[in-house]
Each structure stands twice: as structure tokens, then as C-alpha cells.
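Protein chains in written order, with the numbering used here: chain B, 1 to 769; chain P, 770 to 1250.
All C-beta atoms in this analysis are idealised placements derived from N, C-alpha and C, irrespective of residue type, glycine included.
I have placed the structure first, in the form of C-alpha cells, so that the comments after it can refer back to it.
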């Protein structure tokens, strides 16, 4: 007879199972915040946004707003019960309502509450605001030159002596790279529903960070945190855009709900959402590099000017992370990197998948590209010559110990037939012609952990019911990334039960407190470990109980598929649970996790901020129309490292989706402000994220299935949310390669991002001139 | 109080509305009035597809379903239609539809917010194309945005759904005759109002002519792919409104010309173009997404006077004429004369665009090119329509019209002059490419800078020559075997 322990229950760790809500998604039955039945008496708020980039309000006439049909209340900065600040970093620089000074076009000045959303929007449009215009600065260089300050203290990372290294280098280059920002374009926009009751405030909100909403609402209402409960079942996408940016909507809804003692929903329309919420930081990067004739990098110096917007928000850690990743995968013997978190009169930029890292990585890849063109080498060859070797130090003095890129490169080169295809591209272009081809292979090495070490903690609550079913709650939020699915798999694996017995419930501050944002790719790493800790505690109690009850050693109690094995007896799981309950064994537990080993001293710029690195590489081939600058991605091949995957299907989805999102950032997604400082690309009609017809025509994506996390992460997996985004850089460089063909590759294409058809055509014309 | 209510089928329920304002959207009706929350609002401007539903309509007695955006579909424009939402695909307790099952099997949803819209677009495709190519799937999905998956699993799901088949057993197929009979029983016209805002659906073109004479200030609404945004984005009043999307659908093709009713949609135009001017089919698939092409009309694209509408450059190059009707009097003018200046067209109060007459360009070389920041479902940066006739090596007729280069769609007079009477040769087109710089002073905006527009305008003339000369100048989404 086959032993039960040889089979595996359905849906345990490392299996490619479906997203826990897949059936609900495809049938339209998955409820998002706007789909929840509205409590009786729910009314609706709308925001009034500023229409000047920088100015002082000289007259705010809201009489027509108040008099409009259906209007119940109007709120301004004067109507707030608590503090008029939602700065997530405690800078006190992020007002809920601006006034008298307005710092960007689209800044909320007031809110109006009406019987319906339509009436509220119509009323908001009736405001009459007069401003005294003040000088405004939109981009970081103009802001610097205009004397604007930093929003947060800058960071310097240095190792070695960059001046000496640069002076001694036989070859040198310098340049400037401008990298645009990116709107999150979560398909579900921002939304909050505040439901007051006699004892407090209940907030239903699309957020990656329920605990922060709880604290912000508490401050805004001037009540203790225990009077605010924040709940989110799922988001229609987050990507960092709901790590802090939902605070505005939650606080306004809560303040209005408290004032009217009625439930209040606030759902801005897409244009308001895109005008009033932060985005990925744009960067202007001035770089210098010293190198030798073999393409070996000797010294790197970089100034990273970021468009932070009017306030700090998360710009401190974002610009820090840009520096942390300005080496990408390469060893810089002498290095000095400086951040310039510049205040500008634009919306305050925020977290976005990669969190500044991609802007650092692309600078490293630009330097590689420049060296390769200068030396007439294949950029991939230059990359390989500069990859970190284990034991070498990063610019922040963390030792690289888990380098696997040489193997990833080797396998990907072979599987995508790189050498032959590169030659074919060169041959194709040698014929001349309008359509040119380009190919590039780029790597990513991404540091995993919040760089603010204290965020690297998580809690969980696991309930084992007497019928053997399990309810799990943890601090992470589900935004489509499959976190709840992986968590359920971890629990199924722990108890060796079928995943159908495991339910992960909505995230709420009532169950697990003081949670960190679901961000920094850390959701599964942190919450998975906390959940596993809770499971282990329950299992230990069960083991102790059955060992004592059946008089066997605790090691002789085993969790085998569908059963608990006690000595020689296999007890069906549900029956065992029931027996334990009758014996008064505690069948639920909390769990907790704090990432070990990490530490970081920002003052000295040294430490080990990252628990480990995740790696990957992509090869992209493109065709470029040199008459219009348009392009298509002919093919992309990706080999990505997720350690030992908890769910290969979900991880592949993250890799593919991240790649395409990264391509969008670097190609068609352009944030365009007019001279008055108004963002004019604030809806999908003007802001163009990739379509199905923009993805690679051939898209081969694989996981490095041999990789195992060198650290003791959850089941030896690795974080996957952010790193693949940077693989989109391969497309940007391949476009550059095609462009460079018009000047026979003598000059580096120096393409800025996003490489819209316009920028591509202008680069073609520049090289041809 | 009216005896002519708005009537339509919503899934399996018959809806009769005696009070409807013209600016009420189908999406709000579904979500707020009917609590059918599977249909999502992602953008409220017809660009993301999260609100995709199917609209079934009788056309010459046949019932055809097409994906449309509920966010900019006015409720009144549902009159006489069968509106099918995601909730109808797999009623509670029933199994998943093959399209839904394929989406699940291929891990094609992540956050899931866009998913119902994708399912509905793919459902529409699955019904009409049993074996779609990857390019056909991409074309069907041009109106749907997904921010999570990168689309690969969705495209795979579409292929798998096609392989699974089952169209004949599908609920809409089985109910087709019954639904057709119920729709046929709905009277053609309707007239309702709400809060004093009037909504008029004329039963016929003659009724439209009269209604517009009676209400010369009324807003004419065809596909609402533009007017929809006046409401959702700008909260602009549009009452009284006359809905005409169901009228002027006639098409006649003779040896000499093609006559298109103003109400012909882009989707309805596509097969006609594919048959008569196959060189232009690519151009048409660059207009909007599928949902927009199913709603937007040729007449609307012209009549709204936009300098970046796609049809005018093409139609002006083809020397098209338009028929304007007021009451029972009609006048026919060259299309290019319709556009007077930015925001001003040659249309009198009470007058409407009835039809478009396109001379067949047989024997001429024609092309239509559109350039935009994103290849598909994006608004024009520069568009060019071109028609060249040559005899014995000399160019006898040259018509070049551009969009995005001026305040109206406009011919490039200097470029045309550089071509006319000259040899059909590279140098001639190179001269025209230089000459076009003198034709326009385009604007810089978020779609393109003036400099880029000028460069592209010249390069599109070069592209035309190269293409005629046999060089491969077009990017392709087709994967070479």
C-alpha cells in the first residue's frame, strides 16, 4: 500500500495553483470597495482641486458650491477636527487641504459632500478661487537653479576614492540621462468609504497600508487609533500608488462622515486621481565613469536629481533606493553617488514598483552602454566583465554573497540564441532601409528588504476551527499579486491539508495591528513567515497534546497529507482537531516575524540594508521605423530568479506583468506638463500604458528553477514584485541599438526615457546629422 | 409622462424607462440602479474597457452582438438593444463560460478589476471568430487595458477559448431567435425626459430631419465616443439631445463610388474598405479600440470637426463629398469645404450630416498613415491620406490631406504642387517632403511637438514613395514563421 505521506495535498507550497479569487474575477463577483453595498444614508464627496502650480489663494468663494442641489456640507482646511497633515514620513508638509499657499496644480483645496456623487462633482465645479501667482518650478534642475530646497536630507554613498580613481582611469565618459516618471494606472482608482458608528470610524479603502490609514484618520479626527478600523479585501491594482496616496481620500471621507454622522464615499474620477496623486519620480542623472580599454569600470560618480514634488512623502527612501541600485549588478571600485531630492511645484511623487531602484539601475545600464559603444564592444560583454563577484562590496558596503547572474546570463544567452540573433540584427541593419533592428540583454540585481529596517516585521493570526477548516489573517494586502494565494499555500503545506480548507480573509486592523505596507516586494517574505510561525505554534500544541495523550515522543507526531500521524496511527485531520478541542488545546495562534541580519546606518552610508538579492536578465529584440520613430518588440526572453518558487504560475505572471509595465515606463508612458504646470496626460486618452499589441510578439519567460534563496526566507523563495520591472530596460536599450545603427554604431544612442516615437525619431535625426 | 419609453433588454430582463435624461450613462444605470457591479468604471472615457458590455442589435433582421463601453454609452442609446453584462455569462450556480474558464486556466487575472471587461471583449470575439489569430486577438483587445498581467496569459486564454468552442451551445446563441423577436417588437423611436431634460430618438431619418428643425439647438449624439466625454469629464449639459446612432446605416457600393450613411460605424466600414480599398484596412484598425469602433460613426468623426479625427484626412485625399440635410432639402459639398476653421464647420442650424460619398480610387495609388505615441487606440499625432494618379510616369493627380497639422484636417497644397505634373520618382517625393514644411505650422502639445509633427509629415511622404517602390516600411505584429 502506498504510504499517505507520499502524496501531496492539493495547493500546497510550490504548486502552480490559480489565484484565490480567479473565479470571482472572471465572473465579476469579486467585490472592490466601490462594489460593497452602501450602508443606508451613504452620501458622496468630491474634491475641489487647485488650478495653479504655485500661488496664494486670495479669495475662496464657495457660496455657489454650498447652494448647489443636494449639497450637505463643504469642508476646507478650517473644518478639520484634527491635524491638517498626512505626511507619511512625519514631515508635517502634506496638508489634506491646501491654503493659503497652493503648491501644485491639482492640489485639493476643499471637499463638498452631496446626496449623490454626480451632484457632488457638479457642485465642486462651481467654486470660485482667486490666486496670486507665485513662481513655479516643474523639473528638478529648474527647481535647483531657482533656489528650491530639498524635501528631505540627501544621501551620499561612497566607497574608495572616486577622485583618485577617476583621475587614474585611462578612459572617461560623462553624460546626462533624463528618465520620466510613471503613473501607476491601477485600474481601480482611489476610493474610500467611511462609515461612522457610535464608537468609532470604519474605513473601507483601497490601500496597501491599512495601518497607516488607521493612524492618519485617527490624527485627522483627533481620536486614538483604537477608534478607527480599516478594512480592505482586495485592490484593483496598487503598484505603490496606494501605499500613502489613499490617505487623502480616507481622511476626507472620515472627516465628512464624522461631521455629518453619515457614511461618506469618496471616489475621484480618473483625471482627479491622476492629477492629485503622486507617481514614480522623474530623475535627471548626471554621471561620470572611468574605465579601461577592456571595458572594466574603475570609478563612477553620479548625481541623482529627483522631481519629488511639493512635499517629502516617501521621497527620502525612494531617492535612497535609487542610489542603492545605481550599481545594478556591477562592481564599482571607487564610487560616489549623491541624491538630490528636489522640491518642485508638482504633485508629491511616491512609491512605485521598484521605489527609485529602476532609476538607479537604468543609470548603470546607460554607463555600460556608453562604454560599449566607445570601445565597439557588445554591451553584454561589458556587462559580464563588470558583474559583482561574491565578496565584493556594494557602494553601501554590503557584501554580495549570492551572485547568480553569470549562470543566468549563460543560460539565457543559450536559450535565446543571443549571439546568432545579434549577428542577424547587424546583418539586417547592414542592408540599410527604413526598418532597423536592435537587440540587448540586460540584468537586474535587486535588494530585498525595506531600507527602514523597522518595517521588516509582520504579524499573523491563524484560526483552526473544530471542523478542520482554517481561517488565516495577516498584515499584508491583496492587490492582484497573489499574496493571499501564496499564504494559503503556506498554511496548507504546514498542516498538510487541501487548500480548499484554507481561507484567507480580508485585511483589517482589527485582527493584526501595526502592520507594514504591503510594499518593497516583501508581502510574502514577511507575512508568509509570520503565518508560518502561527501555524508552527498550533502544530506544536497539537504535537504536544497527541504525544502526551498517546504516549509517544513529540517527534513521532507528524503532519502527513490529510492526517496527523501519531506513532503508528494516522488520524484524519478534522478528527484530530476535534479531539484536540475536546482536550482543551488552543487551536488558534498569532505569529510574528522580524527579518534577521539586516541593519543600516544612513549617516555613515554603511550597513546591510538587504537580506538578499533577487536576480534576473532579459533579452529584447525590436524593430524601429526610422521614419516615424515607432517600434515593435519582436521578441523578449526572460530568465528570472524567484528562489524556490512558492507558486510558479503566479511568479511568472509577476515577471511578465512587471516586464511589460517596465516597458511602458520607458516607452509610451509620458507625463507631460504644460508651461503653467498642469499635467496634461491625466487619463488613458492621453497617458498611454501598454496594450496587448505592445507586448513582445514572442515572449519566452522562465524562472531560474534551480535557484534557492541562500537565506532562510519563506520556503527559500524570493520576492518577485518589483525586480522584473527593470527587465524592461532591455527593450529601451534594444531601441537604442536600432537607433545607433543609422550612424553605424559609432555613437551611443543616448536615448532619454520614455523613448516615445518622438524621442526615437529625434535621436535618429541627431545621429544622422 | 410619455407613451414612447426607452425600452431594451438587460440580460434576461426587459427594461422600460419612462424617465431618462440624455446624459445618464449605461454604466451608472447598471451599477447604481441595478446593482450589477461586475461592470467596472476605470476611466469614464472609453479608453480602458473595464466597463465593456455587449450590445446586441438587429441589423437587417439579424441580431449581432458587439462589445461597447458602458461608461460613455448613454442609457437612451440602448433603446432597442440587448445589453449583456458579465453577470449573464455564468448565472449563479452554473459553470463557467468557456471564455471564463480559459481565463482561469491561464492565470489571466491578477488584480481582477479589468477582468470582466476582458471577458466581455473576448466573449464578443469568441462569438464571431472561431479561430482568431494572435493579431486578431490583439485587435479585439485594443480597447482593454490591463496593468498587471502584461497580456500574455489573456491572449493565450483567448486562443484556448476558441479551441474549446461551444458557440452553438452558448446561451445567447440558443436564445437568439427569442431575443430577436423581443427586440423587433420594440418600436423604433422613443421620446422621454427627466427633470425637464429631453431625450429624443427619432424613429426614422425623416423624423430626425423634423426633430432637428423643431429643436435646432439640440445635441446630436451618434456613437457618443466624444459626446460621452462632454458629460463624464466636463459635466456639460447636452439637453435636449437627439440620438441618431441607430439611423443612417445605409451603404451602397457601385462601380464609381461608395455611399456611406453617416451612422455607419468604423466596424461596419471595415469590411467595405477591406473589399474596396484593402490598402486602408491597417489605418482603420488604428482608430480607437474595438469598443470605440463599434460605437463611433463616420459621420460623427466628421461632424464634430476635430482636427485630429482619423477619417477626414483619408476621405479628403479620396476627394469625398458629404450630403447635408435640413428638413427635406439636401446639399452636397466637398468634404474639405466642411472644415472652415478650428471649431467651425459649414453646418447650418437644423442641418445634419446624412451621408458621405467616396469616389472609388480605382487606378490611383492610395495610402493612409497614422502616427501616435502608442500604436493602437491612441489619438493622432499626425495622420496622412494620400491619393496619387500617374500616367506614363507623370503624376496627374496628387491629393494629400493631413490631420494633426493644423486647426482643421487640411490638404498640403505646396506638397501637392511639388508632385503634380512631375515624374513618379523618388526625387519628386523628396521635393514634396521638403515642400510640406511650408504647408503647416503645427502646435506642440502632449501628443507631439511641432518639430516632430513636421518631421513626420515629411517622412510619411517619403514612406509613401518607398512603399510604392517596394521597400518594407511598415512594422508588423505578425510573427514570421
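Straight across, the Cα-Cα distance linking residue 25 (chain B) with residue 237 (chain B) is about 13 Å. Distance from residue 1171 (chain P) to residue 1179 (chain P) at the Cβ level is roughly 6 Å; contact confirmed, criterion being Cβ atoms closer than 8 Å. Counting C-beta pairs closer than 8 Å gives three or more between the region 234 to 248 of chain B and the region 201 to 221 of chain B, which meets the contact rule. Taking a C-beta distance under 8 Å as the contact criterion, residue 886 (chain P) and residue 854 (chain P) do not qualify as a contact pair.
Minimum Cα-Cα distance from residue 1193 (chain P) among the listed residues P:895, P:1133, P:1244, P:1247 corresponds to P:1133. For the region 17 to 28 of chain B, the beta-carbon criterion of a distance under 9 Å to any beta-carbon of chain P is satisfied by 18, 19, 21, 22, 23, 24, 25, 26, 27, 28. Bridge partners of residue 600 (chain B) according to DSSP: B:607. The three-state secondary structure of residue 1154 (chain P), taken from DSSP, is strand. A contact between stretches requires three or more CB pairs, one per stretch, nearer than 8 Å, and the region 1220 to 1235 of chain P meets this requirement with the region 1187 to 1204 of chain P. Rounded to the nearest whole angstrom, the CA to CA distance from residue 585 (chain B) to residue 545 (chain B) is 7 Å. In the structure shown, residue 1068 (chain P) falls within a helical segment according to DSSP collapsed to helix, strand and coil.
Distance from the CA atom of residue 1110 (chain P) to the CA atom of residue 896 (chain P), rounded to whole angstroms, is 44 Å. Proximity of the region 306 to 315 of chain B to the region 401 to 412 of chain B falls short of the contact definition, fewer than three beta-carbon pairs being nearer than 8 Å. By the Cβ-count criterion, residue 362 (chain B) is buried, with 16 or more other Cβ atoms from all chains shown falling within 10 Å of its own Cβ.
Apart from the 5 residues on each side of it in sequence, residue 1209 (chain P) sits with its Cβ closer than 8 Å to the Cβ of 1171, 1174, 1175, 1179, 1181, 1222, 1223, 1226 in its chain, given in chain order. In the displayed model, residue 46 (chain B) falls within a strand according to three-state DSSP. For residue 1142 (chain P), the chain B residues whose C-beta falls within less than 8 Å of its own C-beta are 668, 670, 688, 756, 757, 758, listed in chain order. For residue 1004 (chain P), the C-beta contacts it makes with chain B under 7 Å involve 121, 122, 125, in order along the chain. Residue range 884 to 897 is occupied by the alpha helix (DSSP H) that includes residue 897 (chain P). Chain-ordered, the chain B residues with CB closer than 7 Å to the CB of residue 917 (chain P) read 237, 480, 657. The DSSP-derived three-state label of residue 418 (chain B) is helix. In the structure shown, residue 201 (chain B) adopts extended strand secondary structure according to DSSP, grouped into three states.
Around the beta carbon of residue 995 (chain P), 16 or more other beta carbons lie within 10 angstroms, which makes this residue buried.
With distances taken between CA atoms, residue 1054 (chain P) lies nearest to P:904 out of P:787, P:923, P:833, P:904. Every alpha helix (DSSP H) of 4 residues or more that sits fully in the region 128 to 201 of chain B is shown, in chain order, as 140 to 145, 162 to 168. Taking a beta-carbon distance threshold of 8 Å, residue 39 (chain B) does not count as an interface residue toward chain P.
Interface criterion not met: the Cβ of residue 439 (chain B) is under 8 Å from no Cβ in chain P. CA-CA distance, residue 103 (chain B) to residue 138 (chain B), rounds to 11 Å.
Residue 432 (chain B) counts as exposed, since fewer than 16 other beta carbons sit within 10 angstroms of its beta carbon. Put simply, the CB of residue 212 (chain B) is far from chain P, with every gap to its CB atoms at 8 Å or more.
In this structure, the alpha-carbon of residue 577 (chain B) lies about 30 Å from that of residue 515 (chain B). Residue 114 (chain B) and residue 120 (chain B) have their C-alpha atoms some 5 Å from each other.
Between residue 201 (chain B) and residue 173 (chain B), the beta carbon gap of about 57 Å keeps them out of contact (Cβ cut-off 8 Å). Residue pairing by DSSP places residue 816 (chain P) opposite no residue, since no beta bridge is assigned to it. Secondary structure at residue 588 (chain B): strand, using DSSP grouped into helix, strand and coil. Cβ contact annotation for residue 803 (chain P) (same chain, cutoff 8 Å, sequence separation greater than five): 779, in chain order.
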